[in-house]
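A.B. asks: Quick one: the structure is below, questions incoming.
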Amino acid sequence: MKVLVTAQALILMPGIVVRLNEEEARDRKHCMQPLGGGLYKATLENHFKRNQVVEFEGEVPKQYINSCEPIDADGRVLPPAPPGAGTAPSPTPAPAVTGIDSARPSKPRLDLDGMTKAQLIEFAEQRHVNVDAGMNKSQIVAVLKKKLRTDAA
Numbered sequence: 009m010k011v012l013v014t015a016q017a018l019i020l021m022p023g024i025v026v027r028l029n030e031e032e033a034r035d036r037k038h039c040m041q042p043l044g045g046g047l048y049k050a051t052l053e054n055h056f057k058r059n060q061v062v063e064f065e066g067e068v069p070k071q072y073i074n075s076c077e078p079i080d081a082d083g084r085v086l087p088p089a090p091p092g093a094g095t096a097p098s099p100t101p102a103p104a105v106t107g108i109d110s111a112r113p114s115k116p117r118l119d120l121d122g123m124t125k126a127q128l129i130e131f132a133e134q135r136h137v138n139v140d141a142g143m144n145k146s147q148i149v150a151v152l153k154k155k156l157r158t159d160a161a
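In this text, residue positions in the sequence shown follow our numbering: the first is 9, and each later residue adds one.
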């Protein structure tokens, strides 16, 4: 899967398999082992800078998810998969407390952690919250949560 590095740097640990073009492979020959077909296995730590594109073999390892955003072949950031994508719908559970008026609407719960960095920045702009594009995803989430708590109080 191709990703765009959104953190200051993405540090690939030894053992991670990525696809590199000839130029990238030549620049990293001292720390990558060729596997064939354009695939290389990291033998030492590899640093990729912000806005560089990295193509992982298969899914993005969990430790790198907060440092990058998936992109399509054109280089556009992909929207996140909807929660529960690819799973069967769960049955509606019975209310935990009886006597609650289920017809009364409640505020929808926001899943800030499930949003991409681009979505978080847009969400912040809509609510007139100042966030710096240099912030990482978890910093933006923390600022937004703080703002939402103060607005609710």
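Don't be surprised by glycine CBs; every beta carbon is placed ideally from N, CA and C.
Find the nearest neighbour of residue 53 within the set 40, 16, 153, judged by alpha-carbon distance.
C.D. replies: The option with the nearest alpha carbon to residue 53 is 40.
A.B. asks: Quick check on residue 24: buried or exposed, where buried means 16 or more other Cβ atoms within 10 Å of its Cβ?
C.D. replies: Buried, since its Cβ has 16 or more Cβ neighbours within 10 Å.
A.B. asks: Hey, out of 159, 125, 142, whose CA is closest to residue 149's CA?
C.D. replies: Nearest C-alpha to residue 149: 125.
A.B. asks: Who are the near neighbours of residue 15 in its chain, counting only those whose CB is closer than 8 Å to its CB and skipping five residues on each side?
C.D. replies: Around residue 15: 58, 74, 75, 76, 144.
A.B. asks: Excluding the five sequence neighbours on either side, which residues of its own chain have a C-beta within less than 6 Å of the C-beta of residue 27, listed in chain order?
C.D. replies: Around residue 27: 46, 47, 63.
A.B. asks: Do residue 152 and residue 132 have their C-beta atoms within less than 7 Å of each other?
C.D. replies: Yes; because the gap between Cβ atoms is below 7 Å, this pair is in contact.
A.B. asks: Could you name the residues of the same chain whose beta carbon sits closer than 7 Å to that of residue 18, not counting the 5 residues immediately before and after it, in chain order?
C.D. replies: Here the set comprises 56, 62, 72, 75, 76.
A.B. asks: Given a cut-off of 7 Å, decide if residue 85 and residue 11 are closer than it, judged by their beta-carbon atoms.
C.D. replies: No, the Cβ-Cβ distance between residue 11 and residue 85 is not below 7 Å.
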